[in-house]
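Structure, as structure tokens:
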Amino acid sequence: MPDPTTASPREPLGAALSTPARKAAYVRSLFHDIAPRYDDITVWLSYGRDQQWKDTLVRMACVQPGEHALDLACGTGDLAMRLRDAGASVTGIDLTHRMLTLAAGKPGAGAIRWVCGDMLALPMPSACADVVTAGYGLRNVPDVAQSLAEVRRALRPGGRFLSLDFTLPRSVVVRTMYLAYLRLVGGAVGHWLHGDADTYRYIPESLERYPGAAGVATLMRETGFVDVRWWPVLGGLMAINTGRVPR
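Each residue of the sequence shown is one higher than the one before, starting from 18 at the first, in my numbering.
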């Protein structure tokens, strides 16, 4: 078996997104490579507002002391630690060991359980969580519908799901300009930081294949979530999706 703490060389971006299996392998390798720079890049991509959005998402989760929260695609642990501060018992799940190592090394991270796992097959029992969050996670899974089904399985009756991610603005002109900006600037930053222009060009390429906030809301309803809503953030360049499992 390949060593899960290392990453295989990534294939060209176009080929990598051509099948679900190739995308999964690409995403694992990509996030292994960018893990040490992840916090800085997240600030850049959010125009410095990432922390504010995560605070908003946790407030919207209405966490009660003693509830169990799962943070999917937890990365270096920002959302997981906010959920802990809100009083939840937290499990952070990520596909990449290197991300989890960085998360576990942060001050106060010892109170959180860190688990390496896939959003398409969560390593958790059914009906184990009161809250599930995903920050920049759904866009990276090969099958959004399957991931949502796993979230629903893991949630208890009445449990809440909240997702923060990129989306595309409705205006065709703004959308075209935004994708061009991400390709140009992402390519330059990827080349500068990692010697690979495709590193952050992955974002616009994955975004074009992502159903977006409205599409995720539709998939959530089809999966059985109720009270499904979404809110545009930063003029529609980001969005927060929410819903709950029926009681």
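Each residue gets a CB set at the ideal place from its N, CA and C atoms; glycine is no exception.
Three or more pairs of CB atoms, one per stretch, sit closer than 8 Å, so the stretch 67-81 contacts the stretch 179-191. Sequence-distant Cβ neighbours of VAL250 in its own chain, meaning closer than 7 Å and more than five residues away, are TRP70, ALA256, ILE257. Note on geometry: alpha-carbon atoms of ALA78 and GLY109 lie some 16 Å from one another. Cβ-Cβ distances below 7 Å link ARG218 to LEU30, ARG200, GLY203, GLY204, GLY207 in the same chain, with the five nearest sequence neighbours on each side left out; the list follows chain order.
Taking GLY122 as the centre and dropping the five residues before and after it, the same chain places no C-beta closer than 8 Å to its C-beta. The beta carbon of ASN157 is closer than 7 Å to those of VAL44, ALA90, SER223 in its chain, skipping five residues each way along the sequence.
Around the beta carbon of MET194, fewer than 16 other beta carbons lie within 10 angstroms, which makes this residue exposed.
Beta-bridge analysis with DSSP links ALA86 to VAL107, VAL148. Out of GLY92, PRO174, ALA32, ALA52, the CA that lies nearest to the CA of TYR153 is found in GLY92. Counting along the chain, the unbroken beta strand (DSSP E) around GLY176 starts and ends at 172-183.
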